[in-house]
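> After the structure tokens below, expect a handful of questions from me.
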Amino acid sequence: MFGDLVNPPDREGREKHVPVIVAPDRVKKGEWFDVEVIVGKEMAHPNTLEHHIEGISIFYKEDGNKPVYRVADLTAFPVHADSRIRLRMRVDSAGYIHALSSCNIHGLWESEKRIEVE
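First residue of the sequence shown? That's 1 in the UniProt record's numbering, and the numbers climb one at a time after it.
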């Protein structure tokens, strides 16, 4: 979704930086469901003043010619904040959840997860 603005998926360090989206594959139209986005799920990311995840943003893009909706943002401060966000959301049509994480040294990283709607 963000193209050249983010690091390529095969760049070294991806396991510490790419946001992992944990959500159901299929949901019911208009019903709330849980979403968690975790940075460093595969391998812990450093959380120091010198090197940390600055934030996570979550977006939803419905299929078709629809706008991108901003769902949530987390601004994470170093040392005491964990690099994850948990929320409930609902959608009316199928599409993709997009997550964007920002490392103060290694820049932007992206992932997406398809959501089907019954």
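Glycine is no exception: its CB is placed at the ideal position from the N, C-alpha and C atoms.
Going by the CB atoms, is the gap between His52 and Pro24 shorter than 8 angstroms?
The residue labelled residue 24 in the question sits at position 24 within the sequence shown. The residue labelled residue 52 in the question sits at position 52 within the sequence shown. A distance of 8 angstroms or more separates the beta carbons of Pro24 and His52.
> If you draw a straight line from the alpha carbon of Glu96 to that of Trp109, how long is it in whole angstroms?
Against the sequence shown, residue 96 aligns to sequence position 96. Against the sequence shown, residue 109 aligns to sequence position 109. Note that residue 96 corresponds to Tyr in the displayed sequence, not to Glu. Going from the Cα of Tyr96 to the Cα of Trp109 covers about 16 angstroms.
> My output table needs one value for Lys29: the three-state DSSP class, helix, strand or coil.
Translated into the one-based positions of the sequence shown, residue 29 becomes position 29. Coil at Lys29, not helix or strand.
> Between Val22 and Glu31, how many whole angstroms is the CB-CB distance? I'm expecting something under 8 angstroms.
Within the sequence shown, numbered from 1, the residue matching residue 22 stands at position 22. Within the sequence shown, numbered from 1, the residue matching residue 31 stands at position 31. At roughly 18 angstroms, the Cβ-Cβ gap does not stay under 8 angstroms, so Val22 and Glu31 are not in contact.
> Which class does Glu15 belong to by DSSP, given the choice of helix, strand or coil?
Working through the sequence shown from its first residue, we reach residue 15 at position 15. The answer is helix: DSSP assigns Glu15 an H, G or I state.
> Where does Leu49 fall in DSSP's three states?
As a position in the sequence shown, residue 49 is number 49, starting the count at 1. In this structure, Leu49 counts as coil in the three-state DSSP scheme.
> Reducing DSSP to helix, strand and coil, say where Asp63 ends up.
If you number the sequence shown from 1, residue 63 lands on position 63. Three-state DSSP puts Asp63 in coil, outside helix and strand.
> Starting from His98, follow the beta strand (DSSP E) in both directions and report where the run begins and ends.
For the purposes of this step, residue 98 is identified with residue 98 of the sequence shown, where counting begins at 1. It spans 95 to 103 - the beta strand (DSSP E) in which His98 sits, taken as one unbroken run.
> Measuring alpha carbon to alpha carbon, tell me which of Ser57, Lys28, His106, Asp92 ends up nearest His98.
Locating residue 98 in the sequence shown gives position 98, counting from the first residue. Of the listed residues, the one whose Cα sits closest to His98 is Ser57.
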